[in-house]
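> Here you go, one structure.
Residue numbers (our numbering), protein chains in the order written: chain X, 1 to 242; chain D, 1001 to 1604.
What follows is the structure, encoded as structure tokens:
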């Protein structure tokens, strides 16, 4: 039986600050295999062209559409409305700068995060066009891929308690990036260099271990495991240096 | 307060931050040039990230790829293109791709690696990967190739490549302005001098002036009602280049349909699923592809597989989905849960949020618009015809290596190969030139865009709804300019699109168009999108032969005597509702036109 869905959506546009934030209600007839991408697009195109939200790949790969769906961070495009109750409440992800309505600036945040964690391969070798690639064990490649699967959607950041208390906390996504490069034999950074980046309360020691990040990662990256790995490595590095 | 807020000046302006744009930016920045990249989304959200399957490079590391080389890759690509490609370009591409894949490895892409040992393939064949190749970059099978050549990281290849390229962009401190959309080129009829852009945070217009401008905005998939493409793929770079009147688009009628878009919302299921051993089944659970293609089976080129699938559906052997769409099944159950959840993990995730568990359920699929072989016509350096200082790379360009059909794995390869080559050529050009402009020119260009916006907001010409027009355009293309084409349908498409183009001048915004209004963004793009749709349809109705993905039921044979040539569409007058078509010969250096070895001619 097709339901009439009721959407309660957070509205605020920083370009018109005089209009205070409010909740706007939309009604939409449910259709088979409707997800939040289809539903929100339909609302914008048929009911309210002022509604602002972000979608891109609509396949759960690009990380654009993180939002708070009935109190939980989710990728909207991967959320079928059939999984939800008739009343659906949508808020933008907290922590990130609001662009408007459901759209937040995850791009700038993650660029900053990539700069802070220096998320690139550090090596003194130069690339030689005439040489074969360096060999790598396939298991190592798969382990790197496991951490590299992060799509920077921000769900782990939005759900993190520490993040909400400590503005400069790196969050699970940032720490996972460190783990990704620690696992990579092509990156020549020493444990000490990693310690300089994440060996503080704004880094891996700030985590209060509530692990909502692990529960809400849409990519199901084992963030708890990645965090423990970085913490263990840095504790050992810290003890040795101590 | 002027008519615009800011002017930025740079050596190289790159429009698009996906794999092609990012790689080109690195090339320019390495030479010490000032670079600004514009992107409508944060760079890592670009559609490059959605490429799942892999990148073709003839490394020959894996048993099924032993003996591979650039000559075989060349022959596969030219046959795949149905001889529509420029062979000097294909040669350059094939020679560069192995270097590009190794460069990515150097920068950090976690390519899957060869594991030594004996293996049994899904078809029962036994092979052995030898110890001397262990740990080198491995490859999987893709359609239309003689060897296993497609390098991959599970099925997140594009994602990992994009994150690698962007990591270098971040490391080099290259300036990126994200949520910034180029809405027109600034030029003086001889030189391209930059763009007028619209900020998608505030709606303000911003001017970018540059010695060279490189367009890397990807394809136009979203013109079609059903496409695997991201919602941002609306052909922006192509239509702002064509709008100059002097830059032509090449082979716009060459549109690729991917055999396996998932029903009903057309998310891509990678060719890797068939490459790794997946089957296509009909309503009787019968594996039909070997009947049509005894040799290549599910792995003939994409145009060929898509046509056989549609024929099979038209024979009444499809399955009716609850949404009403007729489809076929993709079966990967026999690959086993371990393989599916390791090597095909992203598609497993996609299946699951469609309610399909691929280790035990069949996946509903149907051919779907996927790729634009056509694009901004450039020479072998990526320099656009018609305007100095304008370059293009990746899917937005037609330099032209794909001709009338692109092989799987060749587009991701093309992004980084052309980013590397065109980035270098664009740098050489920039080092030898300077920028001259007048403020009058800037004011005029901005005023023109301001005027368009004012008209849309005021709606003095009429009350057309932008979304309704866009939806209708998508339906026309999908219904009449699809996998099977004929003169009557194509002519109807051209006629109705011309009408739509007129109506698109009469849009009135419902939102008021304030700030970063998404409706205003769509309304600014729509006339350009419809022009592209007309170029596709008009090119297709004019080309009275079948070649690659362009298949005419009324002209089912390739006609080399009359049509071994590339279409160039010019839109010289914005008030006109048809492009001017010109033609040029493809460059043939090594392989004269012949049989592809699969497809319709081979089955007779």
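For glycine and all other residues, C-beta sits at the position ideal for the given N, C-alpha and C.
Note down, in chain order, all residues in the segment 1070-1091 of chain D with a beta-carbon under 7 Å from any beta-carbon belonging to chain X.
none
> Residues in its own chain within less than 8 Å of residue 1059(D) by CB, not counting five upstream and five downstream?
Residue numbering aside, residue 1059(D) sits at position 59 when the second chain is read from its first letter. Cβ neighbours of residue 1059(D) beyond the five flanking positions: 1065, 1068, 1098, 1101, 1136, 1137, 1139, 1149 and 1151.
> At 8 Å on the CB atoms, spell out the chain D contacts of residue 119(X), in chain order.
For the purposes of this step, residue 119(X) is identified with residue 119 of the first chain, where counting begins at 1. 1167 and 1170, listed in chain order.
> From this set, 1082(D), 1485(D), 1530(D) and 1009(D), which residue's C-alpha is nearest residue 1592(D)'s C-alpha?
As a position in the second chain, residue 1592(D) is number 592, starting the count at 1. Ranked by Cα distance from residue 1592(D), the first of 1082(D), 1485(D), 1530(D) and 1009(D) is 1082(D).
> Tell me the DSSP secondary structure of residue 1002(D) in three-state form.
Taking the first residue of the second chain as position 1, residue 1002(D) is located at position 2. A caution first: residue 1002(D) carries a pLDDT of 41, below 50, which makes its placement in the model too unreliable to give a value.
> Along the chain, where does the beta strand (DSSP E) containing residue 1331(D) start, and where does it finish?
Residue mapping note: residue 1331(D) aligns to position 331 of the second chain, counting from 1. Note, residue 1331(D): beta strand (DSSP E), 1326-1331.
> Under 9 Å between beta-carbons, which chain D residues line up against residue 124(X)? List them in chain order, please.
Locating residue 124(X) in the first chain gives position 124, where the first residue counts as 1. Per Cβ cutoff of 9 Å: no residues; residue 124(X) is ~12 Å from chain D at best.
> Taking 8 Å as the threshold, find out whether the segment 1234-1246 of chain D comes into contact with the segment 1042-1059 of chain D through three or more Cβ pairs.
no
> What is the C-beta distance between residue 1610(D) and residue 15(X), in whole angstroms, given that I count them as a contact (C-beta under 8 Å)?
As displayed, chain D neither begins before 1001 nor continues past 1604, which places residue 1610(D) out of reach and without an answer.
> Please report the distance separating the alpha-carbon of residue 79(X) from that of residue 164(X).
Walking along the first chain from the start, residue 79(X) turns up at place 79. Walking along the first chain from the start, residue 164(X) turns up at place 164. Cα-Cα distance, rounded: 25 Å.
> Is the beta carbon of residue 115(X) closer than 8 Å to that of residue 251(X)?
Lying outside 1 to 242, the shown extent of chain X, residue 251(X) is not represented and no answer is given.
> Tell me whether residue 1603(D) sits in a helix, a strand or coil according to DSSP, three-state version.
On the second chain, position 603 is the one that residue 1603(D) refers to. Here the model assigns residue 1603(D) a pLDDT of 45, short of 50, so the residue's position is not dependable, and the following value carries that caveat. Here residue 1603(D) sits in helix by DSSP.
> Does the structure place the segment 1492-1505 of chain D close enough to the segment 32-44 of chain X that three or more beta carbon pairs sit under 8 Å?
No: the two stretches stay apart, fewer than three of their Cβ pairs being nearer than 8 Å.
> Just the Cα atoms here: how many angstroms apart are residue 1002(D) and residue 1533(D)?
The sequence position of residue 1002(D) within the second chain is 2, counting from 1. The sequence position of residue 1533(D) within the second chain is 533, counting from 1. Confidence in residue 1002(D) is poor, its pLDDT being 41 and thus under 50, which makes the residue's placement unreliable; the coordinate value appears in the next sentence. Residue 1002(D) and residue 1533(D): Cα-Cα distance of roughly 36 Å.
> Is DSSP giving residue 1549(D) helix, strand or coil here?
For this step, residue 1549(D) is matched to residue 549 along the second chain. Residue 1549(D): coil per DSSP, three-state reduction.
> Using the Cβ count rule (16 or more neighbours within 10 Å means buried), how would you classify residue 1112(D)?
Within the second chain, numbered from 1, the residue matching residue 1112(D) stands at position 112. Its Cβ being crowded by 16 or more others within 10 Å, residue 1112(D) is buried.
> Is it buried or exposed for residue 1262(D), if we count other Cβ within 10 angstroms and need 16 for buried?
Walking along the second chain from the start, residue 1262(D) turns up at place 262. With 16 or more Cβ atoms within 10 Å of its Cβ, residue 1262(D) is classed as buried.
> If we define contact as Cβ-Cβ less than 8 Å, is residue 24(X) a contact residue for chain D?
The sequence position of residue 24(X) within the first chain is 24, counting from 1. Closer than 8 Å: no.
> Specify whether the segment 1247-1256 of chain D and the segment 1280-1288 of chain D touch according to this definition: at least 3 beta carbon pairs, one from each stretch, less than 8 Å apart.
no
> Where does residue 1062(D) sit, in a helix, a strand or coil, going by DSSP?
For the purposes of this step, residue 1062(D) is taken as residue 62 along the second chain, with counting starting at 1. Residue state for residue 1062(D) is assigned as coil, using DSSP reduced to three classes.
> Nearest CA to the CA of residue 1597(D): which residue from 1297(D), 1234(D) and 1040(D)?
Counted from its first residue, the second chain places residue 1597(D) at position 597. Closest option to residue 1597(D), Cα to Cα, is 1297(D).
> Inspect the CB distances between the segment 122-141 of chain X and the segment 1176-1194 of chain D and report whether three or more fall short of 8 Å.
no
> Would you kindly report the start and end of the unbroken alpha helix (DSSP H) that includes residue 195(X)?
Within the first chain, numbered from 1, the residue matching residue 195(X) stands at position 195. Looking at the DSSP string, the run of the alpha helix (DSSP H) that includes residue 195(X) is 191-198.
> Return the CA-CA distance between residue 1330(D) and residue 1220(D), expressed in angstroms with no decimal places.
Indexing the second chain from 1 puts residue 1330(D) at position 330. Indexing the second chain from 1 puts residue 1220(D) at position 220. So the two alpha carbons sit approximately 26 Å from each other.
> One question on the structure: do residue 1126(D) and residue 1117(D) come within less than 8 Å of each other, judged by their Cβ atoms?
As a first step, residue 1126(D) must be located in the second chain, where it is residue number 126. As a first step, residue 1117(D) must be located in the second chain, where it is residue number 117. No, these two residues do not count as a Cβ contact at 8 Å.
> Counting only runs of 4+ residues fully inside the segment 1099-1166 of chain D, write out the alpha helix (DSSP H) ranges in chain order.
none
> Taking residue 1421(D) and residue 1466(D) to be in contact with their CB atoms under 8 Å, please state how far apart those CB atoms are, rounded to whole angstroms.
By one-based count along the second chain, residue 1421(D) stands at place 421. By one-based count along the second chain, residue 1466(D) stands at place 466. 38 Å between Cβ atoms; not a contact.
> Can you list, in chain order, the residues of its chain whose CB lies under 7 Å from that of residue 152(X), leaving out five sequence neighbours each side?
By 1-based counting over the first chain, the position of residue 152(X) is 152. The residues are 63, 106, 110 and 173.
> Taking Cβ to Cβ, would you say residue 948(D) is nearer than 8 Å to residue 1025(D)?
The structure shown does not extend to residue 948(D), since chain D is modelled only from 1001 to 1604, so the question has no answer here.
> Where residue 1074(D) and residue 1309(D) are concerned, what is the direct C-alpha to C-alpha distance, given to the nearest angstrom?
The residue labelled residue 1074(D) in the question sits at position 74 within the second chain. The residue labelled residue 1309(D) in the question sits at position 309 within the second chain. In this structure, the alpha-carbon of residue 1074(D) lies about 27 Å from that of residue 1309(D).
> Return yes when the Cβ of residue 1017(D) is within less than 8 Å of the Cβ of residue 1176(D), no when it is not.
In the second chain, counting from the first residue as 1, residue 1176(D) sits at position 176. In the second chain, counting from the first residue as 1, residue 1017(D) sits at position 17. Yes; because the gap between Cβ atoms is below 8 Å, this pair is in contact.
> Is there a Cβ from chain D that is less than 8 Å from the Cβ of residue 158(X)?
Along the first chain, read from residue 1 onward, the residue named residue 158(X) stands at position 158. No, residue 158(X) lies away from the interface with chain D (no Cβ there is under 8 Å from its Cβ).
> Let me check one thing: in DSSP terms, what residues is residue 1212(D) bridge-paired to?
Translated into the one-based positions of the second chain, residue 1212(D) becomes position 212. Answer is 1012(D).
> I'd like the list of long-range same chain contacts for residue 1462(D), defined as Cβ closer than 6 Å, with 5 residues on each side in sequence excluded.
The residue given as residue 1462(D) occupies position 462 in the second chain. Correct list, in chain order: 1506.
> Do three or more CB pairs link the segment 1231-1239 of chain D to the segment 4-19 of chain X at distances below 8 Å?
Output reads no: the segment 4-19 of chain X does not touch the segment 1231-1239 of chain D.
> Would residue 181(X) and residue 98(X) be called neighbours here (beta carbons separated by less than 8 Å)?
By 1-based counting over the first chain, the position of residue 181(X) is 181. By 1-based counting over the first chain, the position of residue 98(X) is 98. For residue 181(X) and residue 98(X), no; Cβs fall outside 8 Å.
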